[in-house]
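Each residue of the sequence shown is one higher than the last, beginning at 1 in the UniProt record's numbering.
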Amino acid sequence: MPAREHLPAAWREVPVLDVVIPVHNEEKDLGPCVARLRDHLVRTFPYPFRITVADNASTDRTPAVAAGLADSVAEVRHVRLDRKGRGRALRAVWSASDAPVLAYMDVDLSTDLNALLPLVAPLISGHSDLAIGSRLTRSSRVVRGPKREFISRAYNLILRGSLHARFSDAQCGFKAIRGDVARVLLPLVEDTGWFFDTEMLVLAERAGLRIHEVPVDWVDDPDSTVHLVRTAADDLKGVWRVGRALAVGALPLDRLARPFGDDPRDRELTGVPRGLARQLVGFCVVGVLSTLFYLLLYSGFRTFTEAQAANAFALLVSAVANTAANRRLTFGVRGGDRAVRHQAQGLVVFAIGLALTSGSLAALGAASGDPAHSTELAVLVAANLAATVLRFLLLRAWVFPDRHDTPVPPHGTARADDPRNAR
């Protein structure tokens, strides 16, 4: 890390690091947290720093505690927001901060503070644009229950399969970002809650930003107020929203001039990605979500129509969504070129699936007369599994074939306007 005299002049006039602690009803933990964090920074961080308490709509004594800390400790300031949401608090404080490096951590300090300097050092030096603490690397030391461990790993596996994320831990409450990057990136992040972190990281990767990962030691807080099921459900909704936006080209990352350079995958995968294993993972994730979507639609349609019509309507709607998702997420096709043709071919694949599932329903009806609804669903699931295998083969070989005639620029090609070249 550079010595203080070698820092840019503007950095000597403001805190180099602004650490944000988003809180909601944390009157008991806030004081000890700030005291411990300040003591650690005084001992280990060689540059000016600031600690910002972002109180988002607390209803207990948290605002009074935060105001008292801001009055008594020179490095502490307090920001009050009248609406809840960790993402909303971080966006508000980071967007207004004058510090060149911005960070945040959870108030319970579950992450060992010894990882803070390794987290922000690559951002201060200009080596990286964002940095995240990871609980899922081999060298991380984590103490938490099996339920949280399973949910965390399953969630990050979904991100890798559906959004092709390469970072290992989306939700660890220990992250940092360069101030200039935040001013460009944050206006594109829609979520205001817990999915804020994931969306920010996915967009950062797509914008070609460099994300640095730091293994952390992390101990679960047994008194955490995070509602796991509700948070997981909101996160899955966010994954679907971002994935759908990427699939239809709704995000501006592919249309705007990127000040930080292209995503290497955009250069490598101009048409269709060639990795079978990667495609299988993406196809399976999209297939699971599509099947759940199909079953929900079928159950809804079945309440007012007969089985064959409900099956046809549900398959048609889910097939359009499935083709769009596989087009972008599994086979990496961007933009509107050939989109109509791909959907038409997808409908042919849909017709094959309709024939398989309708035939299964017809056979079931002939065998048992008036089968139970649960039996219908079981038969449809089995038929859809068979149709899924055939669908992948047709999508890969016919709808989205590997286009070897597409010229691929070399991996080392750099943009002339990439500011990283000037660092």
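For every residue, glycine included, the Cβ atom is placed at its ideal position computed from N, Cα and C.
Whether residue i touches residue j by CB criterion (8 Å)
i: ARG391; j: VAL349; result: yes
i: ARG396; j: GLN279; result: yes
i: ALA165; j: VAL189; result: no
i: THR52; j: ASP18; result: yes
i: LEU119; j: ILE177; result: no
i: SER360; j: LEU380; result: yes
i: GLY31; j: LEU69; result: yes
i: LEU209; j: VAL181; result: yes
i: VAL16; j: PHE49; result: yes
i: ALA35; j: TYR155; result: no
i: ILE124; j: ILE211; result: no
i: PHE301; j: PHE313; result: yes
i: VAL14; j: THR111; result: no
i: ALA383; j: ILE352; result: no
i: LEU354; j: LEU315; result: yes
i: LEU90; j: HIS40; result: no
i: GLY193; j: GLY87; result: yes
i: GLN343; j: VAL320; result: yes
i: ALA245; j: LEU251; result: yes
i: SER97; j: GLY179; result: yes
i: ASP191; j: GLY238; result: yes
Terminal residues of the beta strand (DSSP E) in which residue i lies
i: GLY133; result: 130-134
i: ASP55; result: 49-56
i: ASP112; result: Run containing ASP112: none; DSSP gives neither H nor E here.
Closest residue to residue i among the options (Cα-Cα distance)
i: ARG43; options: ALA372, LEU385, ILE177 and LEU116; result: LEU116
i: LEU185; options: GLU306, SER95, ALA366 and TYR47; result: SER95
i: VAL20; options: LEU41, ASN114, PRO48 and MET105; result: MET105
i: PHE195; options: VAL14, VAL389, GLY85 and GLY332; result: GLY85
i: THR357; options: THR303, PHE304, GLY332 and THR291; result: THR291
i: GLU26; options: PRO252, LEU41, PRO46 and ASP60; result: ASP60
i: TYR47; options: ALA121, ARG83 and ASP370; result: ALA121
i: GLU213; options: PHE174, VAL23, LEU236 and SER72; result: PHE174
i: ASP169; options: THR198, GLY179 and ARG183; result: THR198
i: LEU159; options: ARG148, GLN171 and GLU149; result: GLN171
i: LEU109; options: ALA66, SER97, PHE45 and ARG38; result: ARG38
i: GLY282; options: LEU364, PRO252, ASN322 and GLY249; result: ASN322
i: HIS373; options: LEU295, ALA339 and SER72; result: LEU295
i: VAL399; options: TYR298, LEU364, THR330 and SER368; result: THR330
i: SER299; options: ALA366, ALA247, LEU364 and THR375; result: THR375
i: PHE167; options: ARG183, GLY249 and ALA204; result: ALA204
i: ARG83; options: GLY126, VAL23 and ALA367; result: VAL23
Residue i, enclosing alpha helix (DSSP H) - first and last residue
i: PRO118; result: 116-125
i: VAL181; result: 179-185
i: HIS342; result: 339-368
i: GLU199; result: 196-206
i: THR323; result: 307-325
i: GLY87; result: 86-96
Three-state secondary structure (DSSP) of residue i
i: PRO146; result: helix
i: ASP18; result: strand
i: VAL379; result: helix
i: VAL73; result: coil
i: GLU26; result: coil
i: VAL79; result: strand
i: ASP106; result: coil
i: HIS212; result: strand
i: ARG43; result: helix
i: ASP266; result: Caution is warranted here: a pLDDT of 38 is assigned to ASP266, below 50, making its placement in the model unreliable, and the coordinate value is therefore given only provisionally. Three-state result, ASP266: helix.
i: VAL333; result: coil
i: ASP217; result: strand
i: ALA176; result: strand
i: VAL101; result: strand
i: ARG141; result: strand
i: ALA250; result: coil
i: ARG396; result: helix
i: ARG274; result: In this predicted model, ARG274 has a pLDDT of only 46, less than 50, meaning its place in the structure is not dependable; the value taken from the coordinates is given anyway. Note: ARG274 maps to coil in three-state DSSP.
i: ALA245; result: helix
i: PHE283; result: helix
i: PHE189; result: Sequence check: residue 189 is Val here, not Phe. VAL189: coil per DSSP, three-state reduction.
i: ALA372; result: coil
i: LEU159; result: helix
Does the stretch 134-142 come close enough to the stretch 206-220 that 3 or more CB-CB pairs lie under 8 Å?
yes
Any chance the stretch 74-83 sits against the stretch 101-118, with 3 or more Cβ pairs inside 8 Å?
no
Does the stretch 150-169 come close enough to the stretch 51-65 that 3 or more CB-CB pairs lie under 8 Å?
no
I'd like to know if the stretch 321-328 and the stretch 287-295 are in contact, where contact means that at least 3 CB-CB pairs between them fall below 8 Å.
yes
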